[in-house]
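Enquirer: Before we start, here is the structure in question, set down as structure tokens.
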Amino acid sequence: MPKLDKSAGDILIWLLLMTAPYWLPAAGSYVELGTHVVVYALAAMALNFLLGHTGVLSFGHAAYFGLGAYGTAMTIKYLYSGTLLGMLVGVVVATLAAAIIGPMIVRLRGVYFAMCTIAFGQVFYFIAFQWRTATGGDDGVSAWHRMPLDLGITSVDILNNPKAFYFFALAMFGICAAAMAFLLRSPFGRTLLAIRENERRARFLGIPVDRHIWMSWVISCFFVGVAGTLFALMNNFVDPRALRWDQSGNFVIMAVLGGMRSFWGPLIGAAIFLVLQDYISSHTENWMSFIGLFFVLIVLFFPRGVLGLVRGRSAS
Amino acid sequence: MISGAAPKKLDRRIVIKGAVAGGVAQLAAPFVLTARAAETVKIGLDNPLTGTFAALGKNELIGAQLAVDQMNAKGGILGRQVELLVEDSTSGDTATAVQKALKLIDRDKVDFLIGNINSALAQAMANTSNQKGVFHIVPGGHTDTVTGSQCHWNVFRVCNTTRMETNSVSKLLLEGYGKNWYFITTDYAFGHSLQDGFEASLKQANGTKLGADFTPLGTTDFSANLIKAQSVIPDAIILLLAGDDMINCLKQAVQFGLNKKFHIAGAQQELEVNEGLPPDALFGDWVFEWYWKQPGVPHVEQFVADIRKRSGGKVPTARTWFGHAAMWSCQLAAEKAKSLEPIKLAKAMQGLVLPPEVALMPNNPYYRIGDNQLMPTLFVGQSQPAPAGGDPEDLFKVSQLVKGDEAALPVDQTGCKMEWPS
Amino acid sequence: MTQLLLFNVFNGLIIGAFYALMALGLSLILNLSGVINFAHGGFLAIGGYLAYTLIPYLGFWGALLVSPFLVAFIGIVIERVLIRRLYGRDPLYSLLLTFGLAFMIEDGTRFIWGAQSLPYQIPGWLAAPLSSEYFFLTGYRVFMMILVGAAVLGLFLILNHTRLGLRIRAGTLDLETVSVLGVNVRVLRNLNFGLGIYLAGLAGVLAVGMLGLEPTIGDNLIMPSFIAIIVGGLGSLPGTLVGGLLIGVASGVTSVFFPSASEAVIYVMMAAVLIVRPRGLLGEEGRF
């Protein structure tokens with residue numbers, strides 16, 4: 001029974017995502033909001049790979065998100081204005097940084113790990129802020145834009161056509177989501193779950209816990225880097241704010257809001273957060289009170305996030 | 001902790017339903033007019049309403065709303081009523097500002113886009129509006145690139161460039177105080193371009209920059225910077241800070257007694273900042289971009305009275321004027337072009353002179369051809385505590401008026417290369 | 001140069017004392033209840049705004065005295081209604097809830113008092129420097145130091161010489177046993193929260209003398225407070241005090257050589273502490 005529910009849920013979500021550019025405007029919204037949701041959902045799901053599935057909280061994921069964004073933006077602006085190359089550079093930079101920093105923090109746990117990720121994140125923020133000649137400082141990397149995708153046989157105008165860019169972002173999201181799902185279902189993924197459930201027991205079973213956490217960390221940062229590249233492309237702009245700890249906080253909130261223990265939870269969290277904020281802020285300048293109240297109510301009445309309620313008391 | 005039993009689910013649902021109903025009731029009276037009458041002309045305002053620039057954004061909004069009501073009373077734009085759509089860009093989140101701009105352009109199909117106070121957001125929005133080919137006025141974002149190196153045919157600006165501000169006041173500072181300056185500057189586009197402007201003035205006068213401290217936006221404690229500044233004994237300590245940072249720094253400078261030992265001055269200052277300062281911190285030489293007390297200048301008193309009615313008795317600030325002038329510029333351009341088509345509007349804006357009831361200042365401001373920058377008058381003067389028996393908001397004494405086009409760089413030095421669509 | 005350095009060390013201690021005040025409140029709440037109070041900055045803002053509102057009625061000193069108690073009372077009510085439901089759950093949920101609370105507080109203060117910065121005037125004799133040479137030692141800053149010192153002293157007296165303090169300290173180590181021994185843990189947590197919020201309110205009243213009073217006044221102070229706690233050591237109040245002072249001094253000294261880095265240096269310090277000695281300077285091993 002649960003398995004059928006799960007497949008039905010997956011299909012429903014994919015259906016909604018793939019037809020979004022058509023029903024969003026009809027619902028009084030706009031395509032770019034959908035793109036925004038997809039990008040943030042990818043970032044939140046990437047974070048959740050580490051948080052919900054391995055049990056390790058990072059509050060510094062924005063650093064790798066931002067590195068992906070800056071890598072893309074600076075490549076397109078200064079080197080070569082090709083979308084895919086820009087994305088590649090961004091993702092490589094983000095992943096490399098994560099791989100190098102990982103060993104330094106992987107011994108830590110809990111709040112210590114989280115605060116250390118903040119510290120590194122802020123160091124990157126500081127560099128982006130100070131290195132004005134390269135990164136434009138607080139003003140960011142502007143005066144560039146994404147180029148239409150040249151696929152050889154045809155060119156996809158992701159620059160001027162919002163629908164085209166949405167599908168491009170969705171395609172990237174889909175590939176990453178599939179990869180994450182595959183990894184989580186593999187023995188590696190099961191090991192991560194074991195570490196989340198009871199780290200000491202996992203260690204006693206002979207599992208090299210620190211190494212697994214490092215790998216989970218790098219994978220998680222890889223995918224958040226991809227989200228970062230999409231973020232830069234979406235805005236045709238990136239500034240140090242993308243690297244700050246409050247951006248990291250947004251990812252955590254989306255994951256917790258939607259449900260840390262489920263695969264699609266962060267997507268739901270991102271969708272609710274962004275759509276609600278967009279809608280309410282258009283109608284009242286006091287939108288912060290409503291959003292704040294919403295968070296409070298969610299925490300009080302949805303103990304396991306929104307999806308936690310939907311799935312009832314079934315085991316994760 | 002008692003684990004959740006089934007009855008709790010029902011409680012949850014009831015509470016949520018109640019909250020949603022309550023929330024919907026609240027939202028049922030939006031301040032944004034979303035009546036989708038097809039004949040209205042839509043102007044989209046994408047400006048900060050929350051965060052550190054909330055007070056400035058609120059004032060620009062009030063000015064804009066007055067303008068829209070005035071316009072509609074006179075028949076609107078090209079015979080159609082004007083609808084103002086307001087979005088909160090937040091004070092620093094570029095992604096949100098750009099997203100809201102796209103919302104206004106793609107979903108609401110606005111004919112005019114207005115915004116942003118934050119220089120970086122303004123530039124990002126300008127690049128977006130250019131990509132979409134929408135007519136865009138920046139009321140209060142000062143970074144020079146908007147009408148400089150990243151200028152666009154469809155983007156116009158009401159407020160001064162930072163270079164205009166520094167040029168207008170530098171002569172006063174050099175002659176009055178001396179040529180050796182120490183800078184404390186907010187570390188972003190706005191601060192940097194102000195400092196560049198002053199450094200150019202210093203160079204021209206053979207002055208020296210004794211030192212410069214760049215502080216991040218949101219710095220709360222300036223004691224270290226002030227300690228450094230006073231240690232080199234400058235002729236003037238130049239504060240190029242934004243909003244609340246300026247308040248914090250001035251308060252701390254007064255507490256250190258530095259205003260008694262050194263001259264403290266800067267470029268741009270705003271009434272909103274002065275209203276946040278205690279009386280003993282109201283000093284220094286600054287430039288305002290508009291001031292409410294202009295005896296003898298027509299229409300200003302009426303404007304002040306109109307705004308007082310809408311703002312709970314407070315006078316308009318430069319920000320109010322920016323919002324008001326930006327809106328009216330849209331109307332004037334449309335009337336001149338007899339069209340809402342962006343290229344025609346932009347062409348109509350070239351050299352457009354603001355009539356006295358919109359200009360609200362001497363010297364006929366106009367939009368300069370070649371960089372789309374308005375050439376207003378700048379108000380140089382000193383901050384002062386409210387004079388006894390006078391208006392509590394009379395916190396600035398204008399000593400000199402400088403014409404914008406005399407303080408501005410010539411078009412070919414701004415870095416603007418305007419490209420028009422074919 | 002040495003004089004400049006010395007100036008900045010002293011000044012850093014003053015600012016550090018202020019960070020410590022904020023951080024102590026946070027630490028109290030975190031240690032006993034495991035709640036990460038992201039709304040701490042919001043309570044600071046409320047403290048400042050209430051003081052501003054009370055000055056016409058009670059004068060500067062009256063407002064200074066009364067305002068933190070009012071804020072503490074608000075804190076006690078919020079604990080009873082909201083925070084209480086978070087105990088025993090993953091601290092992430094307290095983060096999310098207090099984050100939402102922070103949003104509501106910021107918007108609420110903006111709604112009530114407006115977005116415009118409000119002019120807060122401290123008494124003239126307090127606002128002047130004590131000497132011409134040591135001009136950065138203003139009356140107000142010295143007053144702040146004295147007040148922070150008094151608050152810290154008061155806190156330690158409460159914790160070490162009253163029954164409430166004893167129970168709080170015991171509860172921090174083992175709440176279950178304390179409960180079994182007959183202490184009303186609910187009331188204990190409530191009062192502890194109130195005490196922490198009192199310190200936030202006090203910090204707020206002190207802050208508005210130096211900073212502009214507007215809704216986001218607490219935003220930039222919350223991170224340094226967390227860092228002070230980590231550097232000093234989670235679970236240790238003396239550690240938090242030391243941590244606060246240390247980051248204040250580090251920030252001040254850095255601004256002599258590299259002013260733009262004065263904010264970043266405290267993060268680097270935190271990273272260094274976490275990598276080399278995760279429990280912090282005075283923390284106990286194995287906590288959290």
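Protein chains in written order, with the numbering used here: chain A, 1 to 316; chain B, 1 to 422; chain C, 1 to 288. Even for Gly, the Cβ is constructed at its ideal location relative to N, Cα and C. From a predicted model like this one, the values you see are computed outputs, not experimental measurements.
Using a Cβ-Cβ cut-off of 8 Å (strictly less than) and excluding sequence neighbours within five positions of ILE16 of chain B, which residues of its own chain qualify?
Expert: Residue confidence for ILE16 of chain B is low, a pLDDT of 46 falling below 50, so the modelled location carries little weight; the figure read from the coordinates is stated next. So no residue of the chain qualifies.
Enquirer: Quick check: PHE124 of chain A and LEU47 of chain A, are their CB atoms within less than 8 Å of each other?
Expert: No; because the gap between Cβ atoms is not below 8 Å, this pair is not in contact.
Enquirer: Counting only beta-carbon separations shorter than 8 Å, does PRO30 of chain B have a partner in chain C?
Expert: Residue confidence is low: PRO30 of chain B scores 42 on pLDDT, short of 50, so the model does not pin down where it sits. Its coordinate-derived value is still stated next. Not an interface residue.
Enquirer: How would you list, in chain order, the residues of chain C whose beta-carbon sits under 7 Å from the beta-carbon of SER399 of chain B?
Expert: Residues of chain C passing the Cβ test: none, with the nearest at roughly 23 Å.
Enquirer: Could you tell me which residues DSSP puts in a beta bridge with TRP181 of chain B?
Expert: Bridge partners of TRP181 of chain B: B:LYS209 and B:ALA236.
Enquirer: What are the boundary residues of the beta strand (DSSP E) that includes ASN47 of chain B?
Expert: Counting along the chain, the beta strand (DSSP E) containing ASN47 of chain B begins and ends at 41-47.
Enquirer: Which whole-angstrom value is the C-beta distance of GLY381 of chain B and LYS397 of chain B, which I expect to be below 8 Å?
Expert: 5 Å between Cβ atoms; contact.
Enquirer: Which partner residues of GLU214 of chain C appear in the DSSP bridge assignment?
Expert: Looking at the DSSP assignment, GLU214 of chain C forms no beta bridge with any residue, so it has no partner.
Enquirer: Is the number of C-beta pairs between the region 30-37 of chain A and the region 263-283 of chain A that are closer than 8 Å three or more?
Expert: As far as the Cβ criterion goes, the region 30-37 of chain A touches the region 263-283 of chain A, which means the pair count is three or higher.
Enquirer: Within this structure, are the beta carbons of SER216 of chain A and LEU85 of chain A separated by less than 8 Å?
Expert: No, the pair does not count as a contact, with Cβ atoms beyond the cut-off.
Enquirer: Would you tell me roughly how many angstroms separate the C-alpha atoms of TRP423 of chain B and THR208 of chain B, rounded to the nearest one?
Expert: An answer regarding residue 423 of chain B cannot be provided, because it is not within the stretch 1 to 422 covered by chain B.
Enquirer: Check whether the Cβ of THR50 of chain B lies closer than 8 Å to any Cβ atom in chain A.
Expert: Yes, contact with chain A.
Enquirer: From the DSSP output, in three-state form, read off THR377 of chain B for me.
Expert: In the structure shown, THR377 of chain B sits in a strand (DSSP, three-state: E or B).
Enquirer: Tell me whether LEU401 of chain B sits in a helix, a strand or coil according to DSSP, three-state version.
Expert: LEU401 of chain B falls in the strand class under three-state DSSP.
Enquirer: Quick one: Cα of SER311 of chain B to Cα of LEU395 of chain B, how far?
Expert: The straight-line gap from Cα to Cα measures roughly 18 Å.
Enquirer: Considering only their Cβ atoms, is the gap separating ALA126 of chain B from VAL155 of chain B smaller than 8 Å?
Expert: Contact flag set, yes.
Enquirer: Distance, Cα to Cα, GLY349 of chain C vs GLY62 of chain C?
Expert: Only positions 1 to 288 of chain C appear in the structure, and residue 349 of chain C is not among them; the question remains open.
Enquirer: Closer than 9 Å, Cβ to Cβ, to anything on chain A: give me those residues from the region 145-175 of chain C, in chain order.
Expert: Hits within the stretch: zero.
Enquirer: DSSP on LYS317 of chain B, reduced to helix/strand/coil?
Expert: Checking the sequence, you will find Thr at residue 317 of chain B rather than Lys. THR317 of chain B: coil per DSSP, three-state reduction.
Enquirer: If you follow the alpha helix (DSSP H) that LEU65 of chain C is part of, which residue opens it and which one closes it?
Expert: Taken as a continuous stretch (DSSP letters only), the alpha helix (DSSP H) holding LEU65 of chain C covers 40-81.
Enquirer: What does TYR87 of chain C reach in chain A if we use C-beta pairs closer than 7 Å?
Expert: What TYR87 of chain C touches in chain A: nothing, since even the nearest Cβ is about 13 Å away.
Enquirer: Counting only beta-carbon atoms, is ALA242 of chain B nearer than 8 Å to chain A?
Expert: ALA242 of chain B does not count as touching chain A.
Enquirer: Mind listing which residues of the region 259-271 of chain C have their C-beta closer than 8 Å to chain A's C-betas, in chain order?
Expert: The residues in question are SER260, ALA261, GLU263, ALA264, TYR267, VAL268, MET270 and ALA271.
Enquirer: Using the rule of at least 16 other Cβ atoms within 10 Å of the residue's Cβ for burial, across every protein chain shown, is ASP93 of chain B buried or exposed?
Expert: ASP93 of chain B comes out buried.
Enquirer: Could you list which residues in chain B have their beta carbon closer than 7 Å to that of GLY252 of chain C, in chain order?
Expert: The answer, in chain order, is ALA224.
Enquirer: Can you tell me which of the three DSSP states PHE193 of chain C falls into?
Expert: PHE193 of chain C: helix per DSSP, three-state reduction.
Enquirer: Within 10 angstroms of the Cβ of LYS74 of chain B, are there 16 or more other Cβ atoms? Answer buried if so, exposed if not.
Expert: Exposed: under 16 other Cβ atoms inside 10 Å.
Enquirer: Roughly how many angstroms lie between the CA atoms of PRO68 of chain C and LEU118 of chain C, to the nearest whole one?
Expert: Each residue's Cα considered, the two are about 19 Å apart.
Enquirer: Does ARG304 of chain A come out as helix, strand or coil in the three-state DSSP assignment?
Expert: Three-state DSSP puts ARG304 of chain A in coil, outside helix and strand.
Enquirer: Is it the case that the Cβ atoms of PHE120 of chain A and GLY100 of chain C are separated by a distance below 8 Å?
Expert: No, the pair does not count as a contact, with Cβ atoms beyond the cut-off.
Enquirer: If you measure from the beta carbon of SER155 of chain A to each beta carbon in chain B, is any gap under 8 Å?
Expert: By this cut-off, SER155 of chain A is not an interface position.
Enquirer: According to DSSP, is LEU13 of chain C part of a helix, a strand, or is it coil?
Expert: Helix at LEU13 of chain C.
Enquirer: Can you find the residues in the same chain that come closer than 7 Å, C-beta to C-beta, to ALA334 of chain B, ignoring five residues on each side of it along the sequence?
Expert: Excluding sequence neighbours, ALA334 of chain B sits near ILE77, LEU78, LEU340 and LEU345.
Enquirer: Strictly under 8 Å for the Cβ-Cβ distance: is ILE15 of chain C near chain B by that measure?
Expert: Closer than 8 Å: yes.
Enquirer: Since PHE222 of chain A and THR95 of chain A are thought to touch, with beta carbons under 8 Å apart, how far apart are those beta carbons, to the nearest angstrom?
Expert: With 8 Å as the limit, PHE222 of chain A and THR95 of chain A qualify as a contact, their Cβ atoms being about 5 Å apart.
Enquirer: First and last residue of the alpha helix (DSSP H) that includes LEU274 of chain A?
Expert: Per DSSP, LEU274 of chain A belongs to the alpha helix (DSSP H) from 265-283.
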